[in-house]
Amino acid sequence: MQDVVVSEREQRGRGRGIGAAMDVDEEGRYAGRGGVFERLGTDKDGSGPQKSVEGYILIASNLHEECTEEDIYDKFSEFGQVKNIHLNLDRRTGFTKGYALVEYQHFKEAQSAIEALNGAELHDRLLEVSWAFSRGPVGTRLSTRRRSEK
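Adding 144 to a residue's 1-based position in the sequence shown gives its number in our numbering.
Here it is, written out as structure tokens:
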């Protein structure tokens, strides 16, 4: 017969926080399933548009309040397959808030849409189209670490 060693935690019958049931490494951090996480590729210079997990997202602003998703789709689909359009509506009025997020899978499609549509007219308004998320120049990122008090 073999001796079975029961830990103190198992004897108590209750968990002791999130780390008790998960794989925690020697530094006390959760390693995740398999310990490997996906990373997005980076550009050579570190500046430019930030690719989301899904694709490249543009922001179109200065939209007319009665602009619809179909109007935006018609305008932006000329430059490639539009994966997603997000058009926020004002709850009180039911009209658009004046901007939309348009998502493309490929960089070249998004870039050509920016070049062609920034300053283009839609419902008697000049569109302003740019990257929704972009990285600043290298070295300008803010640190999330706390600074020690002097």
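Don't be surprised by glycine CBs; every beta carbon is placed ideally from N, CA and C.
Bear in mind that the values here come from a model prediction, so they are computed numbers and not experimental data.
Residues near residue i in its chain [Cβ-Cβ closer than 6 angstroms; skip 5 each side]
{"i": "A264", "result": "L271"}
{"i": "S278", "result": "P193 and Q194"}
{"i": "R236", "result": "none"}
{"i": "R269", "result": "N206 and H208"}
Residue interval of the alpha helix (DSSP H) (run including residue i)
{"i": "K195", "result": "Element bounds for K195: n/a, residue is neither H nor E."}
{"i": "E272", "result": "Segment E272 to W275 is the beta strand (DSSP E) holding E272; no alpha helix (DSSP H) there."}
{"i": "E222", "result": "Neither: E222 is in no alpha helix (DSSP H) and is coded neither H nor E."}
Enclosing beta strand (DSSP E) for residue i [first to last residue]
{"i": "A260", "result": "Where A260 is concerned, there is no enclosing beta strand (DSSP E), although the alpha helix (DSSP H) it sits in stretches over F251 to L261."}
{"i": "G238", "result": "Where G238 is concerned, there is no enclosing beta strand (DSSP E), given that its DSSP letter is neither H nor E."}
Member of the options whose CA lies at the smallest distance from the CA of residue i
{"i": "V246", "options": "L233, S196 and I203", "result": "I203"}
{"i": "H267", "options": "N206, G192, I201 and E222", "result": "N206"}
{"i": "Y200", "options": "F251, V273 and R269", "result": "F251"}
{"i": "I229", "options": "Q255, R269 and S221", "result": "S221"}
Beta carbon of residue i nearer than 8 angstroms to that of residue j
{"i": "G224", "j": "E198", "result": "no"}
{"i": "K227", "j": "Q194", "result": "no"}
{"i": "E210", "j": "L231", "result": "no"}
{"i": "A257", "j": "I216", "result": "no"}
Cβ-based neighbour list, residue i, same chain, cut-off 7 angstroms, excluding 5 preceding and 5 following
{"i": "K294", "result": "Residue placement at K294 is flagged as unreliable, the pLDDT there being 49, under the threshold of 50; the coordinate-derived value follows with that caveat. Closer than 7 angstroms at the Cβ level, and outside the excluded window around K294, lies no residue."}
{"i": "A260", "result": "F223"}
{"i": "A276", "result": "I201, L202, I203 and L245"}
{"i": "K219", "result": "L261 and L266"}
{"i": "S196", "result": "F277"}
Residues near residue i by beta carbon distance below 8 angstroms, same chain, minus five either side
{"i": "L233", "result": "F239, T240 and K241"}
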